[in-house]
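Novice: Per this note's numbering, residue 226 is the first one in the sequence shown, and the count goes up by one each step. We put the CB at the ideal spot given by N, CA and C, even for glycine.
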Amino acid sequence: MKVLLMLVLLGSSINSILAAEIDVPASPDYWLPAAHKTEIIRFDLLGGMLREPHSQPLLTITADGLLTVSAARGGAETSQLLSQSELQALLHFVIAEQQFLSIRPAEISQQISQLQRQQGRFFAVADAPTTLIRIDLPQFRHSVEFYALDLMAGRFPEIEPLQNLLSVQTRLQALMDAAIGKPQ
Numbered sequence: 226m227k228v229l230l231m232l233v234l235l236g237s238s239i240n241s242i243l244a245a246e247i248d249v250p251a252s253p254d255y256w257l258p259a260a261h262k263t264e265i266i267r268f269d270l271l272g273g274m275l276r277e278p279h280s281q282p283l284l285t286i287t288a289d290g291l292l293t294v295s296a297a298r299g300g301a302e303t304s305q306l307l308s309q310s311e312l313q314a315l316l317h318f319v320i321a322e323q324q325f326l327s328i329r330p331a332e333i334s335q336q337i338s339q340l341q342r343q344q345g346r347f348f349a350v351a352d353a354p355t356t357l358i359r360i361d362l363p364q365f366r367h368s369v370e371f372y373a374l375d376l377m378a379g380r381f382p383e384i385e386p387l388q389n390l391l392s393v394q395t396r397l398q399a400l401m402d403a404a405i406g407k408p409q
């Protein structure tokens with residue numbers, strides 16, 4: 226009987242922990258890893274008609290705010306330091322405002338298929354890159370890969386998670402452009 230009670234209590238504790246892992250804070254105070262050099266944001270474009278494959282992601286941001294744009298962007302590797310308030314604001318934008326943790330590529334693909342059937346018009350893309358965005362924090366980890374994001378978001382503006390993902394990509398690209406000194 227005691228073993229069963231302990232298992233029930235353990236099960237409810239695990240459920241509470243799992244529920245807490247997907248709970249998004251209302252304020253922009255996201256916990257960061259204690260190890261300052263831990264990567265917490267990764268952005269990359271894979272495949273498509275990119276000039277050549279690259280081994281480093283286009284953009285990484287570590288827990289101490291170090292933003293690094295790899296040489297794959299078309300120049301030398303560049304880094305800049307975001308302040309903690311800038312980093313928290315970025316995390317708030319991605320996680321809370323754009324609801325990144327609820328973006329599910331399979332669900333978006335289903336919505337696209339449904340809209341195409343309803344419209345009787347099918348849209349196919351060849352040789353576009355796959356967007357990869359990953360957030361890795363102590364309280365949650367979420368990664369999204371989506372093929373032809375720019376084109377699909379332009380074609381299906383009514384799919385909110387698709388538009389949210391595009392907004393995240395656009396914000397990360399703007400950070401990269403600012404880091405390498407590209408005019409906006």
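Considering just the uninterrupted stretch of the beta strand (DSSP E) at THR356, what are its terminal residues?
Specialist: 355–362
Novice: Between the alpha carbons of LEU316 and SER304, how many angstroms are there, rounded?
Specialist: 19 Å
Novice: Out of ASP254, GLU264, GLN339, state which residue places its alpha-carbon closest to the alpha-carbon of GLU311.
Specialist: ASP254
Novice: Please list the terminal residues of the continuous alpha helix (DSSP H) segment that includes ASP402.
Specialist: From DSSP, the alpha helix (DSSP H) with ASP402 extends over 385–404.
Novice: Provide the residue span of the beta strand (DSSP E) that contains ASP269, from first to last.
Specialist: 264–271
Novice: Please classify MET268 as buried or exposed, where buried requires at least 16 neighbouring CB atoms within 10 angstroms.
Specialist: It should be noted that the sequence gives Phe, not Met, for residue 268. Buried, by the Cβ-count rule.
Novice: Here's the rule: buried if 16 or more other CB atoms are within 10 angstroms of the residue's CB, otherwise exposed. What is GLU246?
Specialist: In this prediction, GLU246 has a pLDDT of 44, which is less than 50 and means its spatial position is unreliable; nothing more can be read from the coordinates.
Novice: Do ALA373 and GLN388 count as a contact pair if the criterion is CB distance below 7 Å?
Specialist: no
Novice: Would a C-beta distance cut-off of 7 Å place PRO354 and LEU283 closer than the cut-off?
Specialist: At least 7 Å separates the beta-carbon of PRO354 from that of LEU283.
Novice: Got a sec? Which residues, its chain only, sit under 6 Å from GLU302 by beta carbon, not counting five neighbours each side?
Specialist: SER295, ALA296
Novice: Let's test the definition: count the other Cβ atoms within 10 Å of the Cβ of VAL319 and tell me whether it reaches 16, buried, or not, exposed.
Specialist: buried
Novice: Measure from the C-beta of LYS407 to each C-beta in chain C and report whether the shortest distance is under 7 Å.
Specialist: Absent from the structure is chain C; it holds one protein chain and no more.
Novice: If you run the structure through DSSP and keep just helix, strand and coil, what is PHE365?
Specialist: strand
Novice: Within a Cβ cutoff of 7 Å, which residues of the same chain sit near SER308, ignoring the five residues on either side of it in sequence?
Specialist: GLY290
Novice: When DSSP builds the beta bridges, which residues end up paired with TYR372?
Specialist: THR355
Novice: Quick one: what's got a C-beta closer than 7 Å to PRO330's C-beta in the same chain, skipping five residues either side?
Specialist: VAL369, GLU370, PHE371
Novice: Would you report the Cα separation of GLN394 and PRO258, rounded to the nearest angstrom?
Specialist: Between GLN394 and PRO258, the C-alpha separation is close to 23 Å.
Novice: On a CA-only basis, which of LEU326, ALA349, SER327 is nearest ILE337? Give me that one, please.
Specialist: The residue from LEU326, ALA349, SER327 with its alpha-carbon nearest to that of ILE337 is ALA349.
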